[in-house]
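Participant:
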Amino acid sequence: MAEPGGLEGRFNSGGNAPEQPAPWQDYQTVFTNAKAGMEGVDKEHVQRVVYEMSKDSAHFKNEQRKAVALEAKMARMRERSAALTPAELAAAARSVDARIASLEARRDLSRTWLHADMDCFYAAVHELERPELKSLPMAVGGIGMISTANYVARKFGVRSAMPGFIAKRLCPQLVFVPLDFPRYTAAAERVRAVFAQFDPAFESGGLDEAYLDITDYCREAGCSGEEAAAELRRRVREATGLTCSAGVAANRMLAKARARAEGICSDINKPDGQYVLPHSRAAVISFMDTLPARKIPCIGRVTESLLRGVLDVSTCGQLLGPQRARLPLLFSDTSAAFFLEAALGIAPTRHPPKVDTSVEPGRKGMSCERTFRAMRDAAAQEEMARQLVDSLAADMASEGLEGRNITLKLKLSTFEVRTRAATLPRHARCAADMLPAVLRLLRAEMPVELRLMGVRMAALRKHPDAELVH
DNA sequence: GGGTTCTGGACAG
DNA sequence: TTCCACTGTCCAGAACCC
Ligand SMILES: Cc1cn([C@H]2C[C@H](O)[C@@H](COP(=O)(O)OP(=O)(O)OP(=O)(O)O)O2)c(=O)[nH]c1=O
Ligand SMILES: [Mg+2]
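Per my numbering, the first sequence starts with residue 2, numbered consecutively.
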């Protein structure tokens, strides 16, 4: 998204706290971002435990390597920013302002969007069948990795994407429940049946969330977005026993950001909530003004720190401030355009056209990867490749797909990731047609000590004699 | 100049 | 089969093609 760039030293040259932070305070992992369920958590304690359990690991070394690379990129962008001339900045400001004006002229506040997100989804599904788990700290996943945790566990600082052994240290009584995708899929189906009542064309993002254009529903039911959200949550609870949170606003991005601002993903834990952003330009502008840029979907940890480190920007309002002229000069055209639209609170208000999945693959790629105990043995690695290719081929067959571009993914014991791709002479459908290329790619990397191997097929198409599934 | 392929990486859930 | 996952999308930059 972002790219090397230049700088503007005066904005952040001397702004650091005088006291040196303890090393664990400096360890910015994904867990340092507060999330739903984190109220009343001793964040310092959590951060210290995470740091102590990480600091001597290969994983930690790799994180440091990435941090150094990010720092270097930031330094290049600062330099470039500092080198910008007043003439360049003035010209850029004119074009940015023209773009803002034209975006503003086409702002569409006529639609009503709802973003729905299930609360603690995987954990809630398990609690449905085993109610006794509700009062126990529980995490879904294993000792290696946690997918999500219930509210009791979150109070201990346990959260998504946290390795289980660290979570166990934070909360020794933690109960682990293994992943059970068939259950989540079944629950998602029931939830989606409810979503369809409000918008038959709803778009799901993963198993547990969806974007709904409820404009038509509201008109037909003669209700407000707020009332529709309450009704949707009521029907979801009635049909599934699960709770969800909803954001309502004039477009999809705002609907999600509105909920993220104080519900999901916020410091305050508010499950089963709904959040409405009024359809007025003033409301949108004032909401965006103080909204942390990080709350915008697509602005992650890295982009957030680039914006802060290079431009001293942390809110959407600041994105539109004096620094706006630097955006197109420091970031790619697409990134800069995206930042502007996002900061203005502008996003698509219509569903994209549907693709016919009986003709189109319905996806761009399909992959399969596995983590295992460090492995050096070449024969064992080749056997692993065979297994992965077998299961990939089986997955592709289940959707009647064949592909022409195969990628081998390796994660070394050092956590360094390598991908090696090959374009096949013709589309491959069965494992036997994929394996030779995969083995060739693998052998070219040997000797290596691996902790993960994966295979991915792209350039997909539906093969001619594919049966239409149900 | 354009296109394509390959690689690494950000992001999301 | 584990002491930091797995699946999928998109993008930028480099290398290579014409
Ligand atoms: C964030 C995340 C989620 N998941 C899975 C587990 C989650 O239950 C499911 C939905 O993700 P989320 O909606 O991000 O989380 P959640 O539903 O568990 O909790 P919240 O109440 O805050 O919405 O996706 C992962 O497997 N890995 C991840 O890193
Ligand atoms: Mg959720």
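The C-beta atom is built at its ideal place from N, Cα and C for all residues, glycine as well.
Use the C-beta contact count for S82: other C-beta atoms within 10 angstroms, 16 or more gives buried, fewer gives exposed.
Facilitator: buried
Participant: Examine ligand 2 and report whether any of its heavy atoms sits within less than 7 Å of the Cβ of F122.
Facilitator: Yes, the Cβ of F122 comes within 7 Å of a heavy atom of ligand 2.
Participant: According to DSSP, is H464 helix, strand or coil?
Facilitator: coil
Participant: Please report the straight-line C-alpha distance between R234 and L213, rounded to a whole angstrom.
Facilitator: So the two alpha carbons sit approximately 13 Å from each other.
Participant: Taking the C-alpha atoms as reference points, what is the distance between P298 and S315?
Facilitator: 14 Å
Participant: Does the distance from the CB of V47 to the CB of G158 come in under 8 Å?
Facilitator: Yes, they are a contact pair.
Participant: Buried or exposed: V97, going by 16 or more other Cβ atoms within 10 Å of its Cβ?
Facilitator: Counting the other Cβ atoms within 10 Å of the Cβ of V97 gives 16 or more, which makes it buried.
Participant: Do the CB positions of K463 and G401 come within less than 8 Å of each other?
Facilitator: yes
Participant: Entirely within the segment 114-182 and at least 4 residues each: give me those alpha helix (DSSP H) ranges in chain order.
Facilitator: 122-130, 152-155, 165-171
Participant: For ligand 2, I want to know if E1 counts as a neighbour, meaning its beta carbon is within less than 7 Å of at least one of the ligand's heavy atoms.
Facilitator: Residue 1 lies beyond the residue range present for the chain, which begins at 2 and ends at 471; the question has no answer from this structure.
Participant: Are the CB atoms of I147 and L345 within a distance shorter than 8 Å?
Facilitator: At the C-beta level, L345 and I147 stay beyond 8 Å of one another.
Participant: Can you give me the Cβ contacts of R419 inside the same chain, cut-off strictly under 6 Å, excluding the 5 residues immediately before and after it?
Facilitator: The residues are L411.
Participant: Could you give the distance in angstroms between the alpha-carbon of V42 and the alpha-carbon of K156?
Facilitator: 6 Å
Participant: What residue does the beta strand (DSSP E) around V418 start on, and which one ends it?
Facilitator: 418-429 is the span of the beta strand (DSSP E), which, as asked, contains V418.
Participant: One question on the structure: do A117 and C245 come within less than 8 Å of each other, judged by their Cβ atoms?
Facilitator: Yes. Within cutoff.
Participant: Give a yes or no on whether the C-beta atoms belonging to S368 and G455 are separated by under 8 Å.
Facilitator: yes
Participant: Report yes if the CB atom of L413 is closer than 8 Å to the CB atom of L451, and no otherwise.
Facilitator: Cβ atoms of L413 and L451: closer than 8 Å.
Participant: Would you kindly check if the distance between the Cβ of A459 and the Cβ of L442 is under 8 Å?
Facilitator: No, the pair does not count as a contact, with Cβ atoms beyond the cut-off.
Participant: Just the Cα atoms here: how many angstroms apart are P201 and A162?
Facilitator: 32 Å
Participant: What does the Cβ neighbour count give for R377, buried or exposed, with the cut at 16 atoms within 10 Å?
Facilitator: exposed
Participant: Sort V360, T113, E89 by Cα distance to A256 and report the nearest one.
Facilitator: T113
Participant: Of the residues L137, R282, R95, which one's Cα is nearest the Cα of A251?
Facilitator: Across the set L137, R282, R95, the C-alpha of R282 shows the shortest separation from the C-alpha of A251.
Participant: With a threshold of 16 other CB atoms inside 10 Å of the CB of P465, please say whether the residue is buried or exposed.
Facilitator: exposed
Participant: Counting pairs of beta carbons, one from the segment 175-189 and one from the segment 119-139, are three or more of them closer than 8 Å?
Facilitator: yes
Participant: Exposed or buried, D109, counting other C-beta atoms within 10 Å across all chains shown (16 or more means buried)?
Facilitator: exposed
Participant: At which residues does the alpha helix (DSSP H) containing A484 begin and terminate?
Facilitator: The structure shown has nothing for residue 484, since the chain only spans 2 to 471.
Participant: Given a threshold of 16 other Cβ atoms within 10 Å of its Cβ, counted over all protein chains shown, does D334 qualify as buried or as exposed?
Facilitator: exposed
Participant: If you compare alpha carbons, which of L129, H127, A154, R131 is closest to M139?
Facilitator: In terms of CA proximity to M139, A154 leads the group L129, H127, A154, R131.
Participant: Assuming I347 is part of the alpha helix (DSSP H), what are its boundary residues?
Facilitator: Note, I347: premise wrong, no alpha helix (DSSP H); not H, not E.
Participant: Whole angstroms is fine: what's the gap from E105's alpha carbon to L341's?
Facilitator: Going from the Cα of E105 to the Cα of L341 covers about 11 Å.
Participant: Is the beta carbon of A379 less than 8 Å from the beta carbon of M435?
Facilitator: no
Participant: When you compare only the Cα positions, how much space is there between A150 and R170?
Facilitator: 15 Å
Participant: What residues in its chain sit with their C-beta under 6 Å from that of I144, if we drop five residues either side in the sequence?
Facilitator: G165, F166
Participant: Roughly how many whole angstroms lie between the Cα atoms of G206 and A187?
Facilitator: So the two alpha carbons sit approximately 16 Å from each other.
Participant: Do N63 and F416 have their CB atoms nearer than 8 Å?
Facilitator: The criterion of a C-beta distance shorter than 8 Å is satisfied by N63 and F416.
Participant: Could you tell me the distance, in whole angstroms, from the CA atom of L461 to the CA atom of A381?
Facilitator: 29 Å
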